[in-house]
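Student:
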Amino acid sequence: MSNYFVGDIHGCYDELQLLLKKVFFNPDKDILWIAGDLVFKGNKSLDVLRYIRSLGKKARVVLGNNDLLFIAIYLNIIQFKIKENLSSIFLSDDIVDLVNWLRYQPFIQIDKNKKIILSHAGIHPKWDINTLIDYSKSINEILSSSIYDVFLDYIFNGKIIDFLFKSINFEKMNFILNVFTNMRYFLPDGRLELLCKLNPFYAPSHLIPWYLKTNVIPNDYKIIFGHWSSLVNVSLPSNIIFLDYGCCWGGYLTMFRWEDNKFFKIRSFLQNK
Numbered sequence: 004m005s006n007y008f009v010g011d012i013h014g015c016y017d018e019l020q021l022l023l024k025k026v027f028f029n030p031d032k033d034i035l036w037i038a039g040d041l042v043f044k045g046n047k048s049l050d051v052l053r054y055i056r057s058l059g060k061k062a063r064v065v066l067g068n069n070d071l072l073f074i075a076i077y078l079n080i081i082q083f084k085i086k087e088n089l090s091s092i093f094l095s096d097d098i099v100d101l102v103n104w105l106r107y108q109p110f111i112q113i114d115k116n117k118k119i120i121l122s123h124a125g126i127h128p129k130w131d132i133n134t135l136i137d138y139s140k141s142i143n144e145i146l147s148s149s150i151y152d153v154f155l156d157y158i159f160n161g162k163i164i165d166f167l168f169k170s171i172n173f174e175k176m177n178f179i180l181n182v183f184t185n186m187r188y189f190l191p192d193g194r195l196e197l198l199c200k201l202n203p204f205y206a207p208s209h210l211i212p213w214y215l216k217t218n219v220i221p222n223d224y225k226i227i228f229g230h231w232s233s234l235v236n237v238s239l240p241s242n243i244i245f246l247d248y249g250c251c252w253g254g255y256l257t258m259f260r261w262e263d264n265k266f267f268k269i270r271s272f273l274q275n276k
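All you need for the numbering used here is the position in the sequence shown, starting with 1, plus 3.
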């Protein structure tokens, strides 16, 4: 059995299938870990969702910011201009099942035996293993509940429509969500800086990449993440593995095999379009 980790797919279904073929992925015995952002930007988000869902327990997914955006658009919480090929997703017969499957996925995957942590954007330097698990569960409890639409309305619009929900610390939940799905940099005072998406070489010098802050995770754990497609040609700590090489922007879909620490990649088909 092999464990394969793939970066942000963003609807690049054909590239995903070619990459799986390249590594001889066998869903009967192998595990596919997905670092979030399954949808948008590429041309075949519906195919990606259907395929990953079909893998059942052979797929270990974490949600990314674009996956939440997908759910919010489905709920008409936000108005978002999408390409014609994406709009067909919301007319598909299985859209309800796909959205429900997606909102039940976690924001962190941890294997304590293999010493693996998978997150879309990364981890907060002050959160230990138990905190990561607890915070992911707290978000999942809301997303899998009957008020998930209220929660997402707050996340995207800052709107709470009923005083009955004031018992939920939405501001804290929003912060946790930003760490798991949107984080790149910290300010010197420890606050998140969510606007800058630049490679650290070009970013303002006072911004601190999250992976350079001392964390409380045991050193024998590997932290695997995606999200930051501009993070190329950057030296990372030895226990941190980066997977988003911008397939949806004409770059590469990248995969990492845990057992031998080997990387595989497929050039985006979008480069020729």
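In this text, a Cβ means the ideal position worked out from N, Cα and C, and glycines have one as well.
Find the nearest neighbour of Lys-44 within the set Asn-264, Phe-228, Gly-249, judged by alpha-carbon distance.
Tutor: Of the listed residues, the one whose Cα sits closest to Lys-44 is Gly-249.
Student: Tell me which same chain residues have a C-beta within less than 7 Å of the C-beta of Tyr-151, skipping the five on either side of it?
Tutor: Result list for Tyr-151: Arg-106, Ile-145, in chain order.
Student: Report the residue from Met-176, Lys-216, Ala-62, Phe-173 whose alpha carbon sits nearest the alpha carbon of Gly-193.
Tutor: The shortest Cα separation from Gly-193 among Met-176, Lys-216, Ala-62, Phe-173 belongs to Lys-216.
Student: Looking only at DSSP bridge pairs, what is Ile-34 linked to?
Tutor: Its beta-bridge partners are Asn-6.
Student: Based on DSSP bridge pairs, tell me the residues matched to Met-258.
Tutor: According to DSSP, which records beta bridges pairwise, Met-258 is partnered with Val-9, Phe-267.
Student: Please classify Phe-166: does DSSP put it in a helix, a strand, or coil?
Tutor: With a pLDDT of 49 at Phe-166, under the threshold of 50, the modelled position of that residue is not reliable, and the figure given next carries that caveat. The answer is helix: DSSP assigns Phe-166 an H, G or I state.
Student: I'd like the list of long-range same chain contacts for Phe-166, defined as Cβ closer than 6 Å, with 5 residues on each side in sequence excluded.
Tutor: Caution applies to Phe-166, whose pLDDT of 49 falls short of 50 and renders its modelled position unreliable; the value that the coordinates give is listed next. Answer for Phe-166: no residue qualifies.
Student: Quick check on this structure: which residue in Pro-30, Ile-34, Asn-103 has the alpha carbon closest to the alpha carbon of Asn-6?
Tutor: Out of Pro-30, Ile-34, Asn-103, Ile-34 has the C-alpha closest to the C-alpha of Asn-6.
Student: Are Leu-234 and Gly-253 close, meaning C-beta to C-beta below 8 Å?
Tutor: Going by C-beta atoms, Leu-234 is not nearer than 8 Å to Gly-253.
Student: If distances are taken between C-alpha atoms only, which option among Leu-94, Trp-104, Asn-46, Val-99 comes closest to Ile-55?
Tutor: Ranking Leu-94, Trp-104, Asn-46, Val-99 by Cα distance to Ile-55 puts Trp-104 first.
Student: Return the CA-CA distance between Leu-58 and Ile-244, expressed in angstroms with no decimal places.
Tutor: C-alpha separation (whole angstroms): 24 Å.
Student: Hey, Ile-74 and Val-102: beta-carbon distance below 8 Å or not?
Tutor: Contact flag set, yes.
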